[in-house]
Amino acid sequence: MTSIQFANVTKTYHLKREVYRSLASQCNEAFLRILKPHSDTKDYIHALDNVSFEITQGESVGIIGANGAGKSTLLRLIANISKPTSGTITVHGQIAPLLEVGAGFHPELTGRENIFLNGVILGMSKHDIRKCFDQIVTFAELDKFIDSPVKLYSSGMYIRLGFSVAVHSNFDILLADEIFAVGDYRFRMKCLDKFGLLKKQGKTIVLISHSLEQLQKHCQRGILIRRGKIVIDAEIEQVCNQYQNMEQM
Ligand SMILES: Nc1ncnc2c1ncn2[C@@H]1O[C@H](COP(=O)(O)OP(=O)(O)O)[C@@H](O)[C@H]1O
Ligand SMILES: [Mg+2]
């Protein structure tokens, strides 16, 4: 069964620039905009440019690419946090998004309160959250800090809590944007175990990471993106090799 499908998806952002321009040049630009309203294309950036792919339920896919390639944009579109400029996106199943450190948490609330808040956002009932509350806290290794406001947490602690709530929720698709970058060694090892288990349960996993080694461990398939376009969508080793060769050029 198809889990995620992108058909000719383009996402365009307006490039915001704060540059000093003289009054004369600003008048000139205003004039040009009146004369040729659709002529100015240089202020737009195609974060994703006509991207198509399909991910089947149970696949684990690594998204690879240099900074600014369009990886996070792709995950935000899957999570329905932003909308495509054109093209269609189809997603089947409940999503657990781990896209930004602290997203889905309220800084003034405690870890305990945030587990309930985040759990509800992920579609869990209060009853379900209460049932697995202790497991969530133990997995995140935050027992001592669970009644402290999360604004006092380090980014690693945020990620541990976010990951723990997410994997205890009843999701079908896990999206993770560079979670290994802030997690420590122990956390990475735990993720490794957990991913193995999630894969056996048939969950779909889409990961962004600059650690090719981690991606090769977690994923069977890779999608390499460069300047908003897919360069290669293939078996993970092949994609990592191509990325390394490309970077050395
Ligand atoms: N909200 C936004 N507004 C304007 N430009 C954006 C926005 N989000 C991303 N971009 C631009 O889109 C491109 C792709 O960004 P992103 O998907 O974050 O790249 P990556 O995650 O691969 O590093 C970049 O050039 C970035 O500057
Ligand atoms: Mg990114």
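All residue numbers for the sequence shown refer to UniProt numbering, where the first residue is 1 and numbers rise by one.
Each residue gets a CB set at the ideal place from its N, CA and C atoms; glycine is no exception.
Report back the beta-carbon spacing between residue i and residue j to the nearest angstrom; my notes put them in contact at under 8 Å.
i, j, result
"Q94", "N28", "Rounded, the Cβ-Cβ distance is 52 Å, inconsistent with contact."
"T12", "I45", "7 Å"
"I159", "G183", "5 Å"
"V150", "G119", "14 Å between Cβ atoms; not a contact."
"E235", "R221", "6 Å"
"L142", "M157", "6 Å"
"L224", "I64", "5 Å"
"C191", "H168", "Contact doesn't hold; Cβ gap of about 14 Å is too wide."
"K144", "D172", "Actually they are not in contact, since the Cβ atoms of K144 and D172 sit about 33 Å apart, beyond 8 Å."
Give the range of the beta strand (DSSP E) segment to which residue i is assigned.
i, result
"K11", "2 to 14"
"N170", "No beta strand (DSSP E) contains N170, which DSSP labels as neither H nor E."
Going by beta-carbon coordinates alone, are residue i and residue j separated by less than 8 Å?
i, j, result
"V165", "I205", "no"
"V91", "I78", "yes"
"L98", "G162", "yes"
"L117", "H106", "yes"
"G104", "C219", "no"
"M124", "T56", "no"
"S155", "V101", "yes"
"T73", "A47", "yes"
"D49", "H14", "no"
"S22", "K199", "no"
"I232", "V51", "no"
"Q195", "R188", "Rather than Gln, the amino acid found at residue 195 in this sequence is Phe. Result no, Cβ atoms of F195 and R188 do not sit closer than 8 Å."
"D193", "L75", "no"
"R227", "A69", "yes"
"A96", "L122", "yes"
"I115", "I129", "yes"
"Q240", "L197", "Here the sequence assigns Cys to residue 240, which means Gln is not the residue at that position. No, the Cβ-Cβ distance between C240 and L197 is not below 8 Å."
Would you give the residue range spanned by the alpha helix (DSSP H) that residue i belongs to?
i, result
"E235", "Looking at the DSSP string, E235 is not in any alpha helix (DSSP H); the run it does join, the beta strand (DSSP E), is 229 to 235."
"E178", "Careful: E178 lies outside any alpha helix (DSSP H) and carries neither H nor E."
"S52", "Unbroken run through S52 is the beta strand (DSSP E), 44 to 56; no alpha helix (DSSP H)."
"S154", "S154 -> no alpha helix (DSSP H), and no H or E assigned at all."
"S25", "23 to 35"
Q) Where are the alpha helix (DSSP H) runs, 4 residues long or more, that stay fully inside the stretch 58 to 86, in chain order? A) Whole alpha helix (DSSP H) segments, 4+ residues: 71 to 78.
Q. Which runs of the alpha helix (DSSP H) spanning at least 4 residues fall entirely within the stretch 83 to 151, listed in chain order?
A. 111 to 121, 126 to 140
Q.
I'd like the ranges of any beta strand (DSSP E) spanning at least 3 consecutive residues and lying wholly in the stretch 187 to 229.
A. Runs of the beta strand (DSSP E) inside the stretch 187 to 229: 204 to 208, 221 to 226.
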